[in-house]
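**Student:** Structure provided below as structure tokens; questions to follow.
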Amino acid sequence: MTDPTLNTPTFDPTTVTTPVITASGSRSLTHHRQTARHLANLIPTGHHTSIDGAGHIAHVTHPQDLAALVEQAAALNGG
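This is the structure we're talking about:
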């Protein structure tokens, strides 16, 4: 059984004004990749990126790639 509300945000993403980067690993499960892309598409300032070769634990397997994304997000937000 599938719960159709599982991918429904509990907030209104269209009201987010801060630049947001969502990410998923290229080896993540399909629903993880789809959800990250979907959220980025809902946020007016959203952007999605894929971390090549990473699965669901990119912070463990690809820490340098994830750190680069954090730096990119900080730069987008004036930091």
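At the far end of the sequence shown sits residue 79, using full-length UniProt numbering, and the numbering has no gaps. Think of the CB as a built atom: it goes at the ideal place given N, C-alpha and C, for glycine as much as any other residue. Since we're looking at a predicted model, the values are computed, not measured.
1. What does the alpha-carbon distance come out to for the pair Ala40 and Thr14?
2. For a minimum of 4 consecutive residues, which ranges assigned as the alpha helix (DSSP H) are wholly contained in the stretch 26 to 66?
3. Could you have a look at Val16 and say whether DSSP puts it in helix, strand or coil?
4. At a Cβ threshold of 8 Å, is Ile57 touching chain C?
5. Please report the straight-line C-alpha distance between Ser50 and Leu76, rounded to a whole angstrom.
6. Three or more C-beta pairs closer than 8 Å, one from the stretch 60 to 69 and one from the stretch 33 to 48: is that the case here?
7. Give me, in chain order, the residues of the same chain whose beta-carbon lies closer than 7 Å to that of Gly55; leave out the 5 immediate sequence neighbours on both sides.
**Tutor:** Reading from the atomic positions:
1. Indexing the sequence shown from 1 puts residue 40 at position 40. Indexing the sequence shown from 1 puts residue 14 at position 14. Between the C-alpha atoms of Ala40 and Thr14 there is a straight-line separation of about 10 Å.
2. Taking 4 residues as the minimum length, the alpha helix (DSSP H) runs contained wholly in the stretch 26 to 66 are 30 to 42, 58 to 61, in order along the chain.
3. The residue you call residue 16 lines up with position 16 of the sequence shown. Residue state for Val16 is assigned as coil, using DSSP reduced to three classes.
4. Here there is only one protein chain, and chain C is not present.
5. Taking the first residue of the sequence shown as position 1, residue 50 is located at position 50. Taking the first residue of the sequence shown as position 1, residue 76 is located at position 76. If you take the alpha carbons of Ser50 and Leu76, they lie about 18 Å apart.
6. Touching, no.
7. By one-based count along the sequence shown, residue 55 stands at place 55. If we look at Gly55 and ignore the five residues flanking it on each side, its Cβ neighbours are Gly25, Arg27, Ser28, Thr61.
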